[in-house]
Amino acid sequence: MTTRIVELRRGILKKNDELAAGLRDRYTGAGVLVLNLVSSPGTGKTAFLERTLTELRKRGARVAALVGDLETDNDARRLASSGAPVRQINTHGICHLDAEMITKHLDGWELADLDYLFIENVGNLVCPSSYDLGEKIRVALLSVTEGEDKPLKYPTLFNSADAAVITKMDIAEPCGFDRELALRNINEIRPGIRIFETSAKTGAGMEEWLEYLAEERAERTR
Amino acid sequence: MHELSIVASIVDTVTESAAAYEGARVLEVRLRVGALASVVVESLEFCWGIATEGTPLAGAKLVVKTLPVVMHCATCGDVELEGVQSFRCPTCGVLCGDLRQGRELEIESIEIDEMDQVEETA
Chain A
2 MTTRIVELRR
12 GILKKNDELA
22 AGLRDRYTGA
32 GVLVLNLVSS
42 PGTGKTAFLE
52 RTLTELRKRG
62 ARVAALVGDL
72 ETDNDARRLA
82 SSGAPVRQIN
92 THGICHLDAE
102 MITKHLDGWE
112 LADLDYLFIE
122 NVGNLVCPSS
132 YDLGEKIRVA
142 LLSVTEGEDK
152 PLKYPTLFNS
162 ADAAVITKMD
172 IAEPCGFDRE
182 LALRNINEIR
192 PGIRIFETSA
202 KTGAGMEEWL
212 EYLAEERAER
222 TR
Chain B
26 MHELSIVASI
36 VDTVTESAAA
46 YEGARVLEVR
56 LRVGALASVV
66 VESLEFCWGI
76 ATEGTPLAGA
86 KLVVKTLPVV
96 MHCATCGDVE
106 LEGVQSFRCP
116 TCGVLCGDLR
126 QGRELEIESI
136 EIDEMDQVEE
146 TA
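Sequence lines, in order, name chains A and B.
The first sequence maps to residues 2 to 223 in our numbering.
The second sequence maps to residues 26 to 147 in our numbering.
The structure is reproduced here in structure tokens:
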């Protein structure tokens, strides 16, 4: 028996990575800031995004969103009430969005006509961390009802994030949310990350978030 | 949990690479998996037999080398972390944001048996 070792050194998700790199080039070329929102189911991604889209539109920004779910177009319908163009991606059981799904669902959209594109990932804190969608900013969301140790339980996702958003701050007190501990845990897993404490209901913290978006857009799409 | 699709992707890549050695059998597939790759090695192994059945990888051994997280500490240089629960330098205790290793998810190499090829082409 003659055996031979063949060096491959090939990324297992190379196909996705290549598609994501192509998307990143397209986003940069079009001058659109793209964000990938990731959290557990029930964190309030859709409510937070709905408020973000509405506020950005009020300020004259051109926004759009892609929203991933296993089934139903409920979230897309909710987000469309902001007036922004929205498309639903149904993954039919797949636990994350990938670059191919994004490429397919962007078909027919003129990216150069957009300032911001938001991608709401499937509610899951594990699998989306492996799949690059070409985004500039990956946002990890955490609600006050989830437990302050979520970043420690899901370090792979929180460590890959560029920004963190704490949602539902309006009910932090009745939930007994330990703010200091949550901030410390996020920082322990992703040192130096920007953290926004928000409420989509009252609008608390949204101003700071929107300023951050504007700064990032000015800086990163330059 | 997307280990089955990861294994399917490995099967595709290896089948493609092994095709250059006509008739060769794949004996071993070696992976490098970082501690932050979001992949459970046990799940990969669990899927391996089923997903490789009927492919040139059938019967091949899966060898996974896991890589610890390596961060760059401004004071101590590249430092290896024990786990993924804290991104502090184990030497000086400072929080580090500069990741140098830990997200790898790649096929390092494959071992093939070329004997079959010789027999078949003879």
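Glycine residues also receive a C-beta, built at the ideal position from the N, C-alpha and C atoms.
Predicted model, so just to flag it, every value in this text is computed and none were measured.
query                                                                                                                               : result
Top-ranked residue by Cα proximity to SER161(A), from LEU126(A), ASP171(A), PRO175(A), GLU149(A)                                    : LEU126(A)
CB contact check: ILE75(B) to chain A, cutoff 7 Å                                                                                   : no
Interface residues of chain B facing SER130(A) [CB-CB closer than 7 Å]                                                              : SER63
For GLY59(B), three-class secondary structure by DSSP                                                                               : strand
Cβ distance (whole Å) where ARG10(A) is taken to contact GLU129(B) below 8 Å                                                        : In fact, because the Cβ distance is near 10 Å, the residues do not count as touching under 8 Å.
Option nearest GLY94(A) by Cα separation, candidates VAL123(A), LEU80(A), ARG78(A)                                                  : VAL123(A)
Residues within the stretch 99 to 133 of chain A neighbouring chain B, beta-carbon criterion of under 8 Å                           : VAL127, CYS128, SER130, SER131
HIS97(B) - partner residues in DSSP beta bridges                                                                                    : ASP103(B), ASP123(B)
Proximity of GLU121(A) and LEU50(A) at Cβ, strictly below 7 Å                                                                       : yes
For LEU67(A) and LEU130(A), the rounded distance between their alpha carbons                                                        : Note that residue 130(A) is Ser in the sequence shown here, rather than Leu. Near 17 Å, if we compare the C-alpha coordinates of LEU67(A) and SER130(A).
Cβ pair count under 8 Å reaching 3, the stretch 178 to 190 of chain A against the stretch 20 to 27 of chain A                       : no
Local conformation of ILE95(A) per DSSP, three classes                                                                              : coil
Cβ contact (3+ pairs, closer than 8 Å) linking the stretch 39 to 53 of chain A and the stretch 157 to 172 of chain A                : yes
Contact list for LEU14(A) against chain B, beta-carbon separation under 8 Å                                                         : ILE31, SER34, LEU130
THR100(B) classed as buried or exposed, judged by whether at least 16 other C-beta atoms fall within 10 angstroms                   : exposed
Rounded distance between the beta-carbons of VAL145(A) and PHE178(A), thought under 8 Å                                             : 4 Å
Residues that SER68(B) contacts on chain A, provided the C-beta gap is smaller than 9 Å                                             : Per Cβ cutoff of 9 Å: no residues; SER68(B) is ~11 Å from chain A at best.
Same chain only: Cβ atoms within 8 Å of ASP76(A), ignoring 5 sequence neighbours per side                                           : THR47, VAL68, ASP70, GLN89, GLU121
Cα-Cα separation, ALA33(B) to ASP99(A)                                                                                              : 15 Å
Contacts around GLY59(B), its chain only, beta-carbon distance under 6 Å, and the 5 residues preceding and following it disregarded : LEU92, GLY127, ARG128, GLU129
Where ARG10(A) falls: helix, strand or coil (DSSP)                                                                                  : strand
Cutoff 7 Å; reference ASP133(A); Cβ partners in own chain excluding five residues on either side                                    : ASN17, ASP18, ALA21, ALA100
Chain B residues whose Cβ lies nearer than 8 Å to that of GLU8(A)                                                                   : GLU133, SER134
Contact list for HIS27(B) against chain A, beta-carbon separation under 9 Å                                                         : ILE95, CYS96, HIS97, VAL127, CYS128, SER131, TYR132
Distance between LEU124(B) and LYS86(B) (C-alpha atoms, nearest Å)                                                                  : 31 Å
Assigned exposure category for MET96(B) - 16 Cβ within 10 Å defines buried                                                          : buried
Per-residue burial, LYS105(A) [other beta carbons within 10 Å of its own, 16 or more giving buried]                                 : exposed
Pick from ALA173(A), LEU14(A), GLY32(A), LEU158(A) that is closest to ALA215(A), judged by C-alpha positions                        : GLY32(A)
Exposure of CYS117(B), with buried meaning 16 or more beta-carbon neighbours within 10 Å                                            : exposed
Whole-Å CB distance - LEU120(B) paired with PRO192(A), under 8 Å assumed                                                            : 4 Å
Which of helix, strand or coil DSSP assigns to LYS202(A)                                                                            : coil
N- and C-terminal bounds of the beta strand (DSSP E) containing ALA65(A)                                                            : 64 to 70
LEU52(B): CB within 6 Å of a non-hydrogen atom of the ligand GDP                                                                    : Annotation note on the ligand GDP: not contained in the displayed structure, which lists no ligands.
Selection from TYR117(A), TYR155(A), ALA141(A), ILE6(A) that minimises the alpha carbon distance to ALA65(A)                        : TYR117(A)
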